[in-house]
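Undergrad:
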Amino acid sequence: MPTKAVGSHTLSALVALFAGQVLSKYVSEVLPSLGEASRVALTAVNSLPAVSIPHGAEAAGTVLVIVAVTAVWEITHLLRTRA
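Residues in the sequence shown are numbered consecutively from 1463, following our numbering.
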């Protein structure tokens, strides 16, 4: 079981990273309110000590897509393994 979980989490991270890079422009252009919400969240996180995350329009869209893809992937994985 742990080997399957590690593989799923690793694949999730790779898919989320690539999807975030590809879809970030779409998020910032087509869904500007979500891009702005992500930018505001990144600004708040950057106010913490020793945290430095780029929070431009493209970076904010990338982070938003990565979080969304990872959440959907992990929920799906959890439901599949519990069934």
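From the three backbone atoms N, C-alpha and C, an ideal C-beta is built for every residue, glycine too. Source: prediction; values computed, not measured.
Would you kindly check if the distance between the Cβ of Val-1513 and the Cβ of Ser-1486 is under 9 Å?
TA: A distance of 9 Å or more separates the beta carbons of Ser-1486 and Val-1513.
Undergrad: Of all the options Thr-1472, Gly-1482, Leu-1473, which has the alpha carbon lying nearest to the alpha carbon of Ala-1530?
TA: Gly-1482
Undergrad: Does DSSP classify Ala-1522 as helix, strand or coil?
TA: helix
Undergrad: Could you pull out every residue in the same chain whose Cβ sits closer than 8 Å to the Cβ of Leu-1493, ignoring the five residues on either side in sequence?
TA: none
Undergrad: In its own chain, which residues sit with a C-beta less than 8 Å from the C-beta of Ile-1515, not counting the 5 before and 5 after it?
TA: The beta carbon of Ile-1515 is closer than 8 Å to those of Leu-1504, Val-1507, Asn-1508, Ala-1521, Val-1525 in its chain, skipping five residues each way along the sequence.
Undergrad: Throw me the rounded Cβ distance for the Leu-1496 and Val-1489 pair, which I believe falls under 8 Å.
TA: 6 Å
Undergrad: Near Ser-1470, what residues of its chain come up, given a Cβ to Cβ distance below 6 Å and the 5 sequence neighbours on each side ignored?
TA: His-1539
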